[in-house]
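What the sequence shown shows, in UniProt numbering, is residues 1 to 252, in sequence order. For every residue, glycine included, the Cβ atom is placed at its ideal position computed from N, Cα and C.
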Amino acid sequence: MSEALFTKGWILIDRSGKHFNTILNFLRDEIVPLPESQTELMEILTEAKYYCISDLIGAIEVALKKKDKGPEATCRIPLITSQTEEQLFLSSSAKPVVKFLINRHNNKYSYTATSDDNLLKNIELFDKLCLRFRDRINFIKDVIGSNEICLWSFYGHGKKVAEVCCTSIVYATDRKHTKVEFPEARIFEETLNMFLFENRTGPDVDLLQATASRTGVTMSSSTAACVSDEEDDRRAGSTGAGSTGQSSRFRI
């Protein structure tokens, strides 16, 4: 430490006083709040080395290492690229899984007036659920699914528990239209039901029965209602010419 001893016993320390209060506070309290700025951290580190304060040097070096790593991603969503990858993810996941399938390439007909808006609402809801429950549920996104346009699937312990199909075919007098819905309450309900499969070796039967009394019927009906376009056309043809003017809908 460079110093000059005067006749009256004073010692001159040739350093800037910018961070001297920080040094004194640490010497007195053995703890001091460190600034967020990396430049200021480097300046205080230089002063701490000059005064040989090893504890403060260590604290600043730890803070600088955290900054060197850069900001960590708050939420990472796997994008499914194959059926094999999906099955591997579902079987190895220790948490419940919510899969969101979105693929507009599967559409064969024109959309209804509100379909585009509802598609965006489904996408926005998926993003919000990911941010809110990412620590308790694994979310995955599927953009290569070959059968559906917008479909939510819910898995517990590697098995599908429920699904919410958001698209349907609407028969008009002149042509078919694809209608996209936004069943927000149902999606929230099934997502919250995934907590029943959290941190368990097997599903709690009593809890499942208590929460699935209403949704169980909906699950089976929605699964039966999700049919292919070919089956849809066969049903439409079997109704005869008299059904042309009627309006009906099938879930796909």
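Your pair residue 78 and residue 137 does not check out as a contact, with CB atoms roughly 13 Å apart and the cut at 8 Å. Every alpha helix (DSSP H) of 4 residues or more that sits fully in the stretch 50-93 is shown, in chain order, as 54-68, 83-92.
Judged by DSSP in its simplified three-state form, residue 19 adopts coil rather than helix or strand. Cβ neighbours of residue 18 within its own chain (closer than 8 Å, five residues either side excluded): 43.
Apart from the 5 residues on each side of it in sequence, residue 60 sits with its Cβ closer than 8 Å to the Cβ of 34, 41, 44, 45, 48 in its chain, given in chain order. The residues 97, 155, 158, in chain order, have a CB closer than 7 Å to that of residue 90 in the same chain once the five nearest residues on each side in sequence are set aside. Uninterrupted beta strand (DSSP E) stretches at least 3 residues long and entirely within the stretch 85-170 occur at 97-102, 138-142, 150-156, 159-165, given in chain order. Beta-bridge annotation (DSSP): residue 39 is not paired with any residue. Look at residue 46 here: in three-state DSSP terms it is helix.
As computed with DSSP, residue 180 is found in a beta bridge with 167. Per the C-alpha coordinates, the member of 167, 26, 148 positioned closest to residue 58 is 26.
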